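Number of protein chains: 2
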Amino acid sequence: MSEQTIGGTGEFDLIARITEVLPRTAEVLIGPGDDTALVATHSGSVLATIDVLVEGVHFRRDWSSATDVGRKAAAASLADIAAMGGVATALLVGFAAPGDLPVTWALECTAGLTAEAARVGACVVGGDVAASSVITLAVTALGDLQGRSPVLRSGAQAGHVLAVAGRLGWSAAGLAVLSGGFRSPAVLIDAHRVPDPPYSAGPMAAHAGATAMIDVSDGLIADARHLAEASGVDVVIDTDTWNIPGSMAAAASALGVDPREWMLTGGEDHALLATFPAGVVVPVGFRIIGSVMASDEPGVIVDGVRRRGLGGHVHFTVER
Amino acid sequence: MSEQTIGGTGEFDLIARITEVLPRTAEVLIGPGDDTALVATHSGSVLATIDVLVEGVHFRRDWSSATDVGRKAAAASLADIAAMGGVATALLVGFAAPGDLPVTWALECTAGLTAEAARVGACVVGGDVAASSVITLAVTALGDLQGRSPVLRSGAQAGHVLAVAGRLGWSAAGLAVLSGGFRSPAVLIDAHRVPDPPYSAGPMAAHAGATAMIDVSDGLIADARHLAEASGVDVVIDTDTWNIPGSMAAAASALGVDPREWMLTGGEDHALLATFPAGVVVPVGFRIIGSVMASDEPGVIVDGVRRRGLGGHVHFTVER
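As they're listed, the protein sequences go chains Z and L.
Residues in the first sequence are numbered from 49 upward in steps of one, following our numbering.
Residues in the second sequence are numbered from 49 upward in steps of one, following our numbering.
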C-alpha cells in the first residue's frame with residue numbers, strides 16, 4: 049500500500065488529524081477549530097512575532113526529519129519572545145506544502161512544533177494549511193511579559209557589559225559538516241537540525257536588569273550590529289577568552305577553517321545577546337564576551353578590529 | 049535602468065524600506081524593529097489567527113496587482129477576527145518570495161496590507177522575509193473582544209434563524225469570468241481581486257446576541273457545514289428569496305451556469321454567517337437566509353435537499 053499523502057487525505061481531514069493530537073495549556077481559552085484562537089494575556093499586552101522557514105533555504109528534507117523541522121521552526125519564534133524577556137504562551141502555524149507530501153511528515157512536523165513549544169509551556173493554538181510547490185512554515189509566537197518591562201535592542205549604553213547565553217556557531221558548524229559530506233561530529237549536525245535556545249535566560253536577564261537584548265538568529269556580528277545601531281553605540285566583542293568546544297575544533301581542523309568565524313557569523317543557534325549595567329552579576333547561563341562603548345558610528349568591533357560586513361546569513365544577497 | 053529587485057536590495061534594506069512607511073495605532077506599544085512587537089490587550093485576552101496565501105493557488109500576478117494581493121491576504125485574517133465578534137488590532141506578515149521580485153511589488157503589497165488593516169483600525173506590527181521560489185504570504189491577525197464574549201461556531205440551536213452579512217459568490221464569479229478570458233463585469237473581477245468583508249457586522253452580531261458565527265472563506269455550504277457540525281444541528285438554507293445581483297446574472301448567463309452555485313459554493317468573499325435566537329432583530333447588514341433544525345446527522349440542507357459534498361474550495365483535493 050502506498051503512503052498516504054496530504055493530497056489524498058484532503059485539507060479538512062489533515063486539519064482534523066493535526067488538531068486532535070494538540071495539547072492545550074491553561075492560557076488557551078479557545079483552541080484550534082474556530083475562526084480564531086483566544087489566548088489569555090495576564091499583563092494587559094501580548095508579545096507577537098512571526099518567522100518563516102522555507103524548504104531548500106532553511107532546511108533540507110534529506111538532512112532533517114519532519115520533527116526536526118517543526119522544532120526548528122518553533123524555536124525561531126519562541127527565541128524571539130525570550131529575547132524580549134517574555135515567556136511564550138502560544139504558536140500559530142501557517143503550513144504550505146505539495147499535495148504529494150506524506151501525511152506522516154505533516155503530523156511529525158506538528159509533533160516537533162508541539163514538543164518545542166512544550167519546552168516553554170506553550171502550545172499550538174491555530175493554523176492554516178495551503179497547497180504550494182515548496183514546503184513553507186510560518187510560525188507566529190505569542191508571549192507574555194508577566195509584569196516585566198520588555199528588553200529592547202535600544203537600551204545599551206557605554207560602560208555596560210556584553211554577555212551571551214546559549215550556543216554560538218554550532219548550527220553553522222553542523223551545516224558545514226553536512227555540506228562537506230560528513231556524518232560527524234553528531235553533536236554539531238544535531239545542533240544544525242534542532243537549535244537549543246536558552247529560553248529561560250531571557251526572562252532571567254530581564255529580571256536581572258538587562259538593558260538591551262537580541263536573539264542571535266542571523267549571526268553574532270549581524271545581530272550585535274542590530275543592537276549597536278538601535279542603541280547608538282559600539283558593541284565590542286573579545287574572542288581571546290572563548291572556549292572552542294572540542295567537537296567544533298575538530299570539525300574546523302578537518303575542514304581547514306577558523307572555528308571563531310562560525311561563532312562570529314553563524315546564525316540559527318538562537319543564543320541570547322544582552323547588555324547589563326557594569327557591576328551587575330549576570331544571570332546563570334550568561335557569559336561576558338565584551339562591552340559597550342560610545343560611538344559616532346555605531347557598529348561592531350571584534351578583537352580591536354571594526355567589522356563592516358554583516359557577517360551572517362542574509363536572505364537574497366551574498367555577504368557584503 | 050533595470051528595475052530594482054528584492055535580491056538586489058537585500059533582506060535588511062527591504063525590511064527597512066517596508067517598516068519606515070508603516071503607520072502605528074495606539075494599541076501598538078512596540079512596533080516593528082525589535083525581536084517581537086508588543087500589542088495592548090484591554091480585555092485580558094487576545095484573538096489570534098493565521099492565513100496563508102500562495103501565488104498560483106490564491107492569486108495570479110497577471111490578474112491581481114501587488115496592492116490587491118496585500119489587501120486580499122489581510123482580509124482573510126481580519127475577517128476571522130470579525131467572525132469571533134472581535135476587532136482586529138494588529139497584523140504580522142511572513143513574506144517569502146524569489147530574489148528577482150521587484151522591490152516595488154513588495155512595497156505595494158505592504159501598502160495593500162496596511163490599507164486593508166486601516167479599514168478596521170489595525171496596523172502591521174511585525175514580519176519576516178525569506179527567499180523562496182514561490183511568493184507566499186502568511187498573515188497573522190490579532191484582535192480584541194472589547195469585553196464581549198466570543199461568538200463560536202458551536203452555539204447554534206434548533207429554532208435559531210440563519211443570517212448572512214456581506215457578499216456571496218462574487219469572488220467565484222469574478223474568477224470564472226477571468227478564467228473564461230473575459231474582462232467584465234469589472235465589479236465581479238474586482239471582487240475576486242479584493243474581497244470586501246463586512247468587518248463591522250461581526251462585533252454588531254456579537255452585541256445583538258448572535259449564537260454562532262463563521263467567516264465564509266471556503267464557500268457557504270462548506271462553512272455552514274463547519275457551523276452545523278460544531279453545533280450538532282442542521283443548517284437549513286433557502287435560496288428562493290435570494291436576489292441575484294445583475295452583474296452576476298449577466299455573467300452566469302454568458303458562461304451558461306447557475307449563479308446560485310457561485311453563491312452556495314464560492315469562497316473568499318468573507319461574508320459572515322451567523323445564527324440568532326428566533327425573534328431577534330438581526331443587525332443592519334445581515335439578511336435572513338434560513339434556519340437551524342435539530343439533527344441526528346448534522347449537515348446542510350439547501351432548498352429541501354441535503355447537500356453532502358463540501359461544495360467549496362478544498363486544498364489538495366478535487367471536490368467530493
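Cβ atoms here follow ideal geometry from the backbone N, Cα and C, with glycine treated the same way.
Just so it is clear, the structure is predicted and the values come from calculations on it, not from any experiment.
Which chain Z residues are close to residue i, counting only those with a beta carbon under 7 Å from its beta carbon?
{"i": "L:Thr-184", "result": "Ala-144, Ser-180 and Thr-184"}
{"i": "L:Pro-198", "result": "Ile-78 and Leu-86"}
How is residue i classed by DSSP in three states: helix, strand or coil?
{"i": "L:Ile-78", "result": "strand"}
{"i": "L:Ser-301", "result": "helix"}
{"i": "L:Glu-51", "result": "coil"}
{"i": "L:Pro-150", "result": "strand"}
{"i": "Z:Met-296", "result": "helix"}
{"i": "Z:Ala-224", "result": "helix"}
{"i": "L:Ala-276", "result": "helix"}
{"i": "Z:Leu-101", "result": "strand"}
{"i": "Z:Asp-271", "result": "helix"}
{"i": "L:Leu-161", "result": "helix"}
{"i": "Z:Met-261", "result": "strand"}
{"i": "L:Ser-125", "result": "helix"}
{"i": "Z:Met-341", "result": "strand"}
{"i": "L:Asp-116", "result": "helix"}
{"i": "Z:Asp-317", "result": "coil"}
{"i": "Z:Asp-238", "result": "helix"}
Who are the Cβ neighbours of residue i in its own chain at under 7 Å, not counting the five residues just before and after it?
{"i": "L:Val-366", "result": "Because the pLDDT at L:Val-366 is just 38, under 50, the model does not fix this residue reliably, and the value given afterwards should be weighed accordingly. Closer than 7 Å at the Cβ level, and outside the excluded window around L:Val-366, lies no residue."}
{"i": "Z:Val-102", "result": "Val-182 and Thr-184"}
{"i": "Z:Ala-88", "result": "Glu-75 and Leu-77"}
{"i": "L:Ala-260", "result": "Val-199, Leu-200, Arg-201, Ser-202, Gly-203, Ala-204, Leu-275, Ser-279, Ala-322 and Thr-323"}
{"i": "L:Pro-243", "result": "Lys-120, Ala-123, Ser-219, Glu-316, Asp-317 and His-318"}
Once the 5 residues before and after residue i are set aside, which same chain residues still bring their CB inside 8 Å of it?
{"i": "Z:Val-212", "result": "Val-264, Leu-268, Ala-319, Leu-320, Leu-321, Ala-322, Phe-334, Arg-335 and Ile-337"}
{"i": "Z:Ala-239", "result": "Arg-215, Trp-218, Ser-219, Ala-221, Gly-222 and Asp-317"}
{"i": "Z:Glu-59", "result": "Val-177"}
Alpha carbon to alpha carbon, what distance is there between residue j and residue i?
{"i": "Z:Thr-73", "j": "L:Ala-179", "result": "34 Å"}
{"i": "Z:Gly-257", "j": "Z:Ala-131", "result": "13 Å"}
{"i": "Z:Ala-166", "j": "Z:Pro-246", "result": "14 Å"}
{"i": "Z:Asp-351", "j": "Z:Ala-278", "result": "22 Å"}
{"i": "L:Gly-357", "j": "L:Val-284", "result": "15 Å"}
{"i": "Z:Met-296", "j": "Z:Phe-230", "result": "13 Å"}
{"i": "L:Val-353", "j": "L:Asp-148", "result": "51 Å"}
{"i": "L:Gly-207", "j": "L:His-274", "result": "18 Å"}
{"i": "Z:Ser-232", "j": "Z:Ala-299", "result": "8 Å"}
{"i": "L:Ile-66", "j": "Z:Gly-142", "result": "22 Å"}
{"i": "Z:Arg-355", "j": "Z:Asp-266", "result": "15 Å"}
{"i": "L:Ile-63", "j": "L:Asp-282", "result": "48 Å"}
{"i": "Z:Ala-85", "j": "Z:Val-172", "result": "10 Å"}
{"i": "Z:Leu-303", "j": "Z:Val-225", "result": "8 Å"}
{"i": "L:Ala-121", "j": "L:Leu-161", "result": "7 Å"}
{"i": "Z:Ala-159", "j": "L:Ser-112", "result": "37 Å"}
{"i": "Z:Gly-118", "j": "Z:Pro-71", "result": "15 Å"}
{"i": "Z:Arg-108", "j": "Z:Asp-116", "result": "10 Å"}
{"i": "L:Val-151", "j": "L:Gln-52", "result": "6 Å"}
Using a Cβ-Cβ cutoff of less than 6 Å, which residues in the same chain neighbour residue i once the five nearest sequence positions on both sides are dropped?
{"i": "Z:Arg-308", "result": "Thr-287"}
{"i": "Z:Gln-125", "result": "The question names Gln, yet the displayed sequence has Ser at residue 125 of chain Z. Within the same chain, Z:Ser-125 has close Cβ partners Thr-97, Asp-99, Val-187 and Ala-189."}
{"i": "L:Ala-154", "result": "Ile-54"}
{"i": "L:Ile-129", "result": "Leu-95, Ala-136, Ala-189 and Gly-191"}
{"i": "Z:Leu-46", "result": "Outside the shown range of chain Z, which is 49 to 368, sits residue 46 of chain Z, and nothing can be said about it."}
Any Cβ of chain L within less than 9 Å of the Cβ of residue i?
{"i": "Z:Ile-269", "result": "no"}
{"i": "Z:Asp-317", "result": "no"}
{"i": "Z:Met-296", "result": "no"}
{"i": "Z:Met-132", "result": "yes"}
{"i": "Z:Val-348", "result": "no"}
{"i": "Z:Leu-161", "result": "no"}
{"i": "Z:Arg-201", "result": "yes"}
{"i": "Z:Gly-104", "result": "yes"}
{"i": "Z:Leu-101", "result": "yes"}
If we define contact as Cβ-Cβ less than 9 Å, is residue i a contact residue for chain Z?
{"i": "L:Met-252", "result": "no"}
{"i": "L:Val-353", "result": "no"}
{"i": "L:Gly-129", "result": "Looking at the sequence shown, residue 129 of chain L is not Gly but Ile. Yes, its Cβ sits closer than 9 Å to a Cβ of chain Z."}
{"i": "L:Leu-155", "result": "no"}
{"i": "L:Ala-278", "result": "yes"}
Kindly list, in the order they appear in chain Z, the residues whose Cβ is closer than 8 Å to that of residue i.
{"i": "L:Ile-98", "result": "Leu-140, Val-141, Gly-142, Gly-174, Gly-175, Asp-176, Ala-186 and Thr-188"}
{"i": "L:Gly-191", "result": "Thr-84"}
For residue i, which residues in chain L fall below 9 Å Cβ to Cβ?
{"i": "Z:Ile-262", "result": "Asp-82 and Asp-83"}
So which residues of chain L does residue i contact, with C-beta pairs closer than 7 Å?
{"i": "Z:Ser-93", "result": "Leu-77, Leu-86, Val-87, Ala-88 and Thr-89"}
Taking 8 Å as the cut-off, is the C-beta of residue i nearer than that to any heavy atom in the ligand GTP?
{"i": "Z:Gly-104", "result": "The ligand GTP is not part of this structure, which contains no ligands at all."}
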